[in-house]
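Data first, discussion second: the structure below is written as structure tokens.
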Amino acid sequence: MSTDRIADPWGDRTPYGAGQHWPSRIDTYLADGLRSDDVDRWVQSATVLHSNGDALDIAVKDGRMVGVRGRESDRVNHGRLGPKDLFGWQANAAADRLTAPLIRANGQLAQTDWDTAMAAVVRKSQELLEEFGPSALGFYTSGQLFLEEYYTLGVIAHGAIGTNHVDGNTRLCTATAAEALKESFGCDGQPGSYTDVDHADVLALYGHNVAETQPVLWMRMLDRLNGTDPPAIVCIDPRPTPVAQHATVHLAPLPGTNVALMNALLHEIVENDWVDNGYIDAHAVGFDELTKRVSEFPPERAAKICDVSADDIRAAARLLGNAQRLLSTVLQGFYQSHQATAAAVQVNNIHIVRGMLGKPGCGVLQMNGQPTAENTRECGADGDLAGFRNWSNDSHVGELADLWNIDISQIPHYAPPTHAMQMFRYAEQGTLRLLWVSATNPAVSLPELHRIRAILGQQRLFLVVQDIFLTETAELADVVLPAAAWGEKTGTFTNVDRTVHLSEKAIDPPGQARPDLDIFLDYARRMDFRDRDGKPLPAWTDPESAFAAWQQCSSGRPCDYSGLSYDKLRGPSGIQWPCNAENPDGTERLYSDGKFWAAPDYCEAYGKDLVTGAPLEPTEYRAMNPAGKAIIKAAEYLPAHEMPSAEYPFALITGRTVYHFHTRTKTGRVPELQAAAPDVWVELSGADAPRLGVTDGDFVTVRTPRGSVTAEARITAMRPGVVFLPFHYGYWDVDDAEGNHHRAANELTLTDWDPASKQPIFKTAAAQVTLTRRMS
Numbered sequence: 001m002s003t004d005r006i007a008d009p010w011g012d013r014t015p016y017g018a019g020q021h022w023p024s025r026i027d028t029y030l031a032d033g034l035r036s037d038d039v040d041r042w043v044q045s046a047t048v049l050h051s052n053g054d055a056l057d058i059a060v061k062d063g064r065m066v067g068v069r070g071r072e073s074d075r076v077n078h079g080r081l082g083p084k085d086l087f088g089w090q091a092n093a094a095a096d097r098l099t100a101p102l103i104r105a106n107g108q109l110a111q112t113d114w115d116t117a118m119a120a121v122v123r124k125s126q127e128l129l130e131e132f133g134p135s136a137l138g139f140y141t142s143g144q145l146f147l148e149e150y151y152t153l154g155v156i157a158h159g160a161i162g163t164n165h166v167d168g169n170t171r172l173c174t175a176t177a178a179e180a181l182k183e184s185f186g187c188d189g190q191p192g193s194y195t196d197v198d199h200a201d202v203l204a205l206y207g208h209n210v211a212e213t214q215p216v217l218w219m220r221m222l223d224r225l226n227g228t229d230p231p232a233i234v235c236i237d238p239r240p241t242p243v244a245q246h247a248t249v250h251l252a253p254l255p256g257t258n259v260a261l262m263n264a265l266l267h268e269i270v271e272n273d274w275v276d277n278g279y280i281d282a283h284a285v286g287f288d289e290l291t292k293r294v295s296e297f298p299p300e301r302a303a304k305i306c307d308v309s310a311d312d313i314r315a316a317a318r319l320l321g322n323a324q325r326l327l328s329t330v331l332q333g334f335y336q337s338h339q340a341t342a343a344a345v346q347v348n349n350i351h352i353v354r355g356m357l358g359k360p361g362c363g364v365l366q367m368n369g370q371p372t373a374e375n376t377r378e379c380g381a382d383g384d385l386a387g388f389r390n391w392s393n394d395s396h397v398g399e400l401a402d403l404w405n406i407d408i409s410q411i412p413h414y415a416p417p418t419h420a421m422q423m424f425r426y427a428e429q430g431t432l433r434l435l436w437v438s439a440t441n442p443a444v445s446l447p448e449l450h451r452i453r454a455i456l457g458q459q460r461l462f463l464v465v466q467d468i469f470l471t472e473t474a475e476l477a478d479v480v481l482p483a484a485a486w487g488e489k490t491g492t493f494t495n496v497d498r499t500v501h502l503s504e505k506a507i508d509p510p511g512q513a514r515p516d517l518d519i520f521l522d523y524a525r526r527m528d529f530r531d532r533d534g535k536p537l538p539a540w541t542d543p544e545s546a547f548a549a550w551q552q553c554s555s556g557r558p559c560d561y562s563g564l565s566y567d568k569l570r571g572p573s574g575i576q577w578p579c580n581a582e583n584p585d586g587t588e589r590l591y592s593d594g595k596f597w598a599a600p601d602y603c604e605a606y607g608k609d610l611v612t613g614a615p616l617e618p619t620e621y622r623a624m625n626p627a628g629k630a631i632i633k634a635a636e637y638l639p640a641h642e643m644p645s646a647e648y649p650f651a652l653i654t655g656r657t658v659y660h661f662h663t664r665t666k667t668g669r670v671p672e673l674q675a676a677a678p679d680v681w682v683e684l685s686g687a688d689a690p691r692l693g694v695t696d697g698d699f700v701t702v703r704t705p706r707g708s709v710t711a712e713a714r715i716t717a718m719r720p721g722v723v724f725l726p727f728h729y730g731y732w733d734v735d736d737a738e739g740n741h742h743r744a745a746n747e748l749t750l751t752d753w754d755p756a757s758k759q760p761i762f763k764t765a766a767a768q769v770t771l772t773r774r775m776s
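In full-length UniProt numbering, the protein residues as written are 1 to 776.
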């Protein structure tokens, strides 16, 4: 690399114009001064440290990983890699990898063998099933496993055990994406494509700091901005992110006011007749309700609520309303708030009323925060049923029962699958007695951490943790199972714009560590799960046979993989689903024909009340949308549940940095990434800092009613009244002398969630900031 990709995360520009092909740029990093000629072999994969799904090849020498290079021919990244892609693979070789199972004895975790560890898990499972039934068991998984592993987990949990308690940490990052798509289109599935960046004349980013969360996608946008006829950018974010710095219009609303702002933007679009009436008449329902609602939100009203300029709202609306090719992306700034689904749905509404779907440059991407979050949703490992099936449609549940060869009554569908926050509440109350956590770290990532640690540490809760390191969560476990990491196993995963990649095994896992698929199947065999013919359930034995079973499950459903195979995915590029006989090369954009997966007998969900979260009855949905059109759903603005006050005058928001992923389980062990962002910091506005007597580099304490974090202050151009903390930092490497843990942002966040998506709130805690120590 000629460019320092820590100092410059996005690398050199390769400008291009509207409708042109994005030029290639092959990014490579090899350790130890190696050259490409020194590499023994290159193994196909893609990144799992953000949701972009950048295709890459893993360099292997002498049986170990030594580097990566971007794959030039892939549709997603055209050879580019971000900082986490380039350096993150080194975590696999960290000295503290888990290499043998651990079991708690006399209050301490001690090394054991697989038979002993699995016997303990099986014995506890059987005891709880006999005494309390399936609802005593719950599974909390990740957004970083492979499709084959999620589907296997879904079959074990929903089918073999029959528990409704299955969710993932995707609940923290992508649940609203799924819910917003269901509300507007009757089904999950991203309508847009990354290639829409190549055609759009307006890019609208709603609470989406793409520069740091998906840096390669930002590279694509930067290259358009540096080319001929660059697109305009509308950015909605209270922080001065790199996106905001490039924006044509930057709106920085107070956290928790997104719905008011969206209603004002839609007010202007409707008021100025920037709508496609023909498209609405032919392809949508609900426009009259929207018109009535947004008429109550002229820019002046929203300006007072959001504390932004009414003229800026009009300027943003003018860009959105006059765009010929509009691409919108949405992420955590909208998703982790109290009206998450309501706000994200309004973004969909803009595209529906403007007829901006299914055409080059015209699409919406309700983004994922994690790399394989799409697969958790498809496979039924995150509070959905496999294949985007509708839990309240008996025929859909019957299809799964037939596929799995079990009785329909064995699959729980008496109520919606249990979301993660409710699962932890059940564990707190004592009805959920075994929790199996795989590849995630809730002791750092969930809100109100003192409560989460108390729940996980209960003696009556049997905690199984399956991971590659002894995380903060694993330290509390009764049994720890060492897992193989990315690059040490084979499987597929799917990115935000539905591109499926195959990741091949490059090296062996260390010690006794096993692939997650093998661990789940081993559990199923030891539990002796059987279908109604007495055959093993699940029936498959390895990744490729698991993928074949998934192809059968997804066939005929929106996320159709029936036209894919491992051999096909070994080609030059990932492939977008649906891929089937009708679309043998994949499908670039959804809804290009104006037809949606919203028919009452086919849709994944009947929708919810956006205020209460109450599900619509099938009869209500059928009456409202008999022809399966897109659904324009209006929303009233409601204030945040915890507002700034005299005692806590700031709104606290949390978020990410380009150098770290999730709770730093991997990236914190990578020298380049850890050195780039070694510790938590507090971001304050230049307007607030003088009033607090704080200068750049001073240490300040951020406090909410739940706890405090002390860290170095960074003074930025952020809007006044807001304070920011990155959420990545746990406590595994920085306990102080008193045993306090003063660096995890989620010590401060509150136990609350969006009523429709059940996504926890990380953006609207009320906080105070005080000077703790002057810069030395």
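Glycine included, every Cβ here is placed at the ideal spot set by N, Cα and C.
Legend entry - Cβ pair count under 8 Å reaching 3, the segment 515-534 against the segment 151-159: yes
- Contact check, Ala303 vs Thr176 under 8 Å by CB: the rounded distance? Not really, about 25 Å apart at Cβ, beyond 8 Å.
| task | Would you decide whether residue 791 is buried or exposed? Buried here means 16 or more other CB atoms lie within 10 Å of its CB. | result | Residue 791 lies beyond the residue range present for the chain, which begins at 1 and ends at 776; the question has no answer from this structure.
**Asked** Quick one: what does DSSP say Gly67 is sitting in, helix, strand or coil?
**Response** strand
Cut-off 6 Å between Cβ atoms - residues of its own chain near Ala252, not counting five sequence neighbours on either side
Pro238 and Arg719
Helix, strand or coil for His351, going by three-state DSSP, please let me know. helix
Can you name, in chain order, every residue of its own chain whose Cβ lies under 7 Å from the Cβ of Gln546, other than the five neighbours on each side?
The sequence given here places Ala at residue 546; Gln does not occur at that position. Once the five neighbours on either side are set aside, the close Cβ partners of Ala546 are Glu148, Tyr151, Thr152, Leu517 and Trp540.
Which one of Leu692, Asn263, Phe334 and Gln332 has the shortest CA to CA distance from Pro299?
-> Asn263
Taking the alpha carbon of Ser68 as the point to measure from, which residue in Lys84, Arg664 and Leu327 has its own alpha carbon closest? At residue 68 the sequence reads Val, which differs from the Ser that was named. Of the listed residues, the one whose Cα sits closest to Val68 is Lys84.
Given that a residue counts as buried once 16 or more other Cβ atoms are within 10 Å of its Cβ, and exposed if not, what is Gly574? buried
request  = Pull up the DSSP beta-bridge partners for Ser708, would you.
outcome  = Arg703
Grouping DSSP H, G and I as helix and E and B as strand, with all else coil, what is Arg773? strand
* Pick from Ala443, His419, Ile280 and Arg97 that is closest to Gln759, judged by C-alpha positions -> His419
Problem - Beta-bridge pairing of Asp167 - partner residues as DSSP gives them - result: Tyr140
(Q) So within the segment 11-85, which uninterrupted beta strand (DSSP E) runs reach at least 3 residues, ignoring any that extend past its ends? (A) 28-30, 41-46, 55-61 and 64-70
Just to confirm my understanding: we take Ala136, look at its own chain, exclude 5 residues before and 5 after, and list those with CB closer than 6 Å. What are they? Leu128 and Arg433
In angstroms with no decimal places, state the Cα-to-Cα distance between Ser708 and Thr701. 7 Å
### Straight-line gap, Asp560 to Gly107 (C-alpha atoms, nearest Å)
48 Å
Q: Would you mind reading off the limits of the alpha helix (DSSP H) that contains Ile408?
A: No alpha helix (DSSP H) holds Ile408; DSSP gives it neither H nor E.
- Query: Just the Cα atoms here: how many angstroms apart are Asn405 and Tyr16?
  - Reply: 53 Å
So, Ala317 versus Thr141, is the Cβ gap smaller than 8 Å?
no
Taking its Cβ as the centre, do 16 or more other Cβ atoms sit within 10 Å of Ser73, making it buried, or is it exposed? exposed
What's the gap between the Cα of Thr116 and the Cα of Gly11?
50 Å
Could you check where the alpha helix (DSSP H) with Phe424 kicks off and where it finishes? Ala420 to Gln429
Enumerate in chain order the residues of its own chain whose CB-to-CB distance from Val60 is below 8 Å, with the five nearest sequence positions on each side excluded.
Val39, Asp40, Arg41, Trp42, Val43, Val66, Ala506 and Ile507
| said: From the DSSP secondary-structure annotation, give me the bridge partner or partners of Thr695. | reply: Paired residues: none, contrary to the question.
I'd like the list of long-range same chain contacts for Leu109, defined as Cβ closer than 6 Å, with 5 residues on each side in sequence excluded.
Leu102
Answer with buried or exposed for Lys608, where buried requires no fewer than 16 other C-beta atoms within 10 angstroms of its C-beta. buried
Nearest-angstrom Cα separation, counted from Leu290 out to Thr685
With the sequence shown as reference, residue 685 is identified as Ser, and Thr is not the correct amino acid for it. About 36 Å.
| query | Can you tell me whether DSSP reads Ala204 as helix, strand or coil? | reply | strand
- Reference Asp273, options Glu378, Ala260, Phe287 and Ala282, closest by Cα: Phe287
**Q.** Range of the contiguous alpha helix (DSSP H) that encloses His267
**A.** Asn258 to Glu271
Quiz item: Okay, do the segment 427-441 and the segment 45-59 touch, 3+ Cβ pairs below 8 Å being the bar?
Solution: no
Leaving out the 5 sequence neighbours to the left and right, which residues in its chain are closer than 6 Å to Asp736 when beta-carbon positions are compared? The pLDDT assigned to Asp736 is 47, lower than 50, so where the model puts this residue is not dependable, and the model offers no usable value.
**Asked** Can you tell me whether Arg773 is buried or exposed, with buried defined as 16 or more other CB within 10 angstroms of its CB?
**Response** exposed
Let me confirm a value: Ile26 is counted as buried when at least 16 other C-beta atoms fall within 10 Å, else exposed. Which label applies? exposed
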